[in-house]
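Here the sequence shown stands for residues -19 to -1, 1 to 466, numbered as in mature numbering (1 follows the signal peptide of the UniProt record, and there is no 0). Every residue, glycine too, gets a C-beta built ideally from N, C-alpha and C. Encoded as structure tokens, the structure appears first; notes follow it.
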Amino acid sequence: MKMWLWTVVLLAVTTLTFCTPLINELEPGKDWPKRGSVKQPQDEPEITEISTEVPSNTDFKERTPVEFGDEIEEEIAILAKAAEVADTKVDYSGAQVWKVSTEKTGVRATLGRLRRRNLISTWAGNQTYLDVFVKSNALQNVTRIMKRENITFHIVIDDLQKRINEENPPLDENEIELQDRRGHRMTWKQYHRLEDIHGFMDYLAKTYPKIISVNTIGKSYEGRDLKVLRISDGKPTNKAVFIDGGIHAREWISPATVTYLINQIAENFDEESDDIKNIDWYILPVVNPDGYEYTHVKDRLWRKNRKPTIGTRACVGADLNRNFGYRWGGKGASSNPCSDIYRGARAFSEPESKAVSEFIKNSAANFSAYLTYHSYGQYLLYPWGYDTAVPPDHKDLDIVGKSIAAAIENTGGSKYSVGSSSGLLYPASGGSDDWAKAQGIKYAFTIELSDTGRYGFILPTSFIEPVARESLAGVRVLASQIHKL
Ligand SMILES: *[C@@H]1O[C@H](CO)[C@@H](O)[C@H](O)[C@H]1NC(C)=O
Ligand SMILES: *[C@@H]1O[C@H](CO)[C@@H](O)[C@H](O)[C@H]1NC(C)=O
Ligand SMILES: *[C@@H]1O[C@H](CO)[C@@H](O)[C@H](O)[C@H]1NC(C)=O
Ligand SMILES: *[C@@H]1O[C@H](CO)[C@@H](O)[C@H](O)[C@H]1NC(C)=O
């Protein structure tokens, strides 16, 4: 071996042996303090019951109990199973997405019946519209029924598989070359696999050890790491913010946006405003890694995690955003394991939601905000989701929400509606934002990213940068508001 090579090896060994513990001790950014010494890994969390107000105005229309996606979508699960057996991807050729106005009486009831017969499922919606997914083999019958009931709709996506094929084209050679030079494979020109996202996080921790560190806070059902990245200059007076993405597997714009936020704050940290620097950022880009990978290799429309349930109705997956332990099991969540909004066997029955809650509970960080990124619809939602009540400080949340929405619109032009999730959309219990709020985290928001339905979940890659840039503007506004607390 050449002399210089020996020197390099010797240096590396010396560094690893002697310097690693030292570096750790000297870098405040590496220390992730735990709250007290109390740890309750097996217990259900202690929940502080926060008093709620039923809003005095009657803006909240009385609606039939559960209207959104509460019904079995077994047919879709069966499609997925067939693809599994055949070792192919689920094929959505000829499937359509319609926008349906639900203001006329009877429309919701008709759609509910179609859903129970597994002819349609609901992608998104609010109090006046629903985006409805129609399987190709059901198109004829559903169209006939809609005509008979005089329900008007318009076709937004006329061949879903075509959209899926066009959504995430491979990178060109220039981009791939750039990736190699950068030291990680992450870009915001493509939706990346989990490996690239994790590689990017590890790269940042290695490159900026003084401010960035990565911890695995738990494992998914299939054993994948739940990796949280922390950006912190270690000042003890810092506030803290927790951000997550990818709770729902198919909402690809969410991890893409969250990793963009990481990249912008990490790469320019020294030039950032004090508002940003005086916060410890804890960021988990993919809460549901098993589901996320599954959407890449098997079923683009998978939503839940991948933990199987056993019993008479054996199906795979729980909706992690119905599995959190505040008012778990209430409205807008299903007890049917085959439903897309299955709440799980009990609160925090799923390893992914459990890990997030344990981490937040046991952290000494004084979290002032919890942001969870979803898609789609362009909404900034605050608690409560479980019912049409609001927390006592809802006016604060509304004001901050509206200032975030204004920053988003000023940056990229997208209009986000602001309100409580149950008030603006529909009740949904077991959501992560409700739980975070119940822990005393002041600004708990669910952010439904773009778009408003033209592409829905299948948002082309050209949207990543504009959507993420708007979101960053919103996060900056939130940061400034936190320092006013
Ligand atoms: C409800 O959805 C429709 C269609 O996507 C949209 O035009 C409308 O603005 C939404 N309502 C609210 C309050 O955001
Ligand atoms: C469509 O309706 C016909 C007649 O009611 C029925 O025989 C057929 O099974 C239906 N197709 C689907 C996919 O439900
Ligand atoms: C639909 O409209 C037609 C013609 O306007 C009317 O005769 C029929 O009764 C309507 N059907 C329903 C279910 O409202
Ligand atoms: C946490 O932050 C809030 C305001 O954001 C402040 O009122 C409170 O004193 C802080 N708690 C601790 C333990 O630092």
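Through-space distance from residue j to residue i, alpha-carbon basis
i      : j      : result
LYS116 : SER102 : 9 Å
GLY455 : MET127 : 40 Å
LYS70  : HIS173 : 18 Å
VAL195 : TYR424 : 24 Å
PHE426 : GLY311 : 20 Å
PRO14  : ALA237 : 28 Å
GLU252 : ARG457 : 14 Å
VAL88  : SER82  : 8 Å
ALA119 : ILE138 : 15 Å
ILE246 : ALA221 : 14 Å
ALA409 : ASP415 : 10 Å
LEU352 : ILE341 : 13 Å
ASN391 : CYS296 : 44 Å
THR290 : PRO318 : 7 Å
LEU361 : THR109 : 17 Å
PRO332 : LYS187 : 28 Å
ALA350 : VAL209 : 16 Å
ILE145 : VAL239 : 22 Å
ARG98  : ARG125 : 15 Å
ARG303 : ARG211 : 26 Å
Assigned exposure category for residue i - 16 Cβ within 10 Å defines buried
i      : result
GLU176 : exposed
LEU185 : buried
LEU100 : buried
HIS165 : buried
THR369 : buried
ARG96  : buried
LYS418 : buried
ILE192 : buried
GLY404 : buried
ASN269 : buried
ASN131 : exposed
ALA345 : exposed
GLN77  : buried
ARG281 : buried
ARG162 : exposed
HIS464 : exposed
THR133 : exposed
HIS135 : exposed
ARG327 : exposed
LYS376 : exposed
ASP12  : exposed
SER315 : buried
Identified DSSP bridge partners for residue i
i      : result
HIS135 : LYS80
ASP112 : LYS80 and ALA105
LYS220 : ILE260
PHE426 : LEU352
THR197 : LYS208
ASP153 : Answer is none; ASP153 lacks a bridge partner.
GLY226 : TYR354
TYR323 : SER315
GLY400 : LEU362
LYS15  : SER344
task = Would you list the residues whose beta-carbon is nearer than 7 Å to any heavy atom of ligand 3, in the order they occur in the chain?
result = ARG129, GLU130 and ASN131
Continuous beta strand (DSSP E) assignments of at least 3 residues falling wholly in the segment 338 to 387 = 348 to 356 and 360 to 363
task = Write down every uninterrupted run of the alpha helix (DSSP H) in the segment 258 to 314 whose length is 4 residues or greater and which is fully enclosed by it, in chain order.
result = 270 to 278
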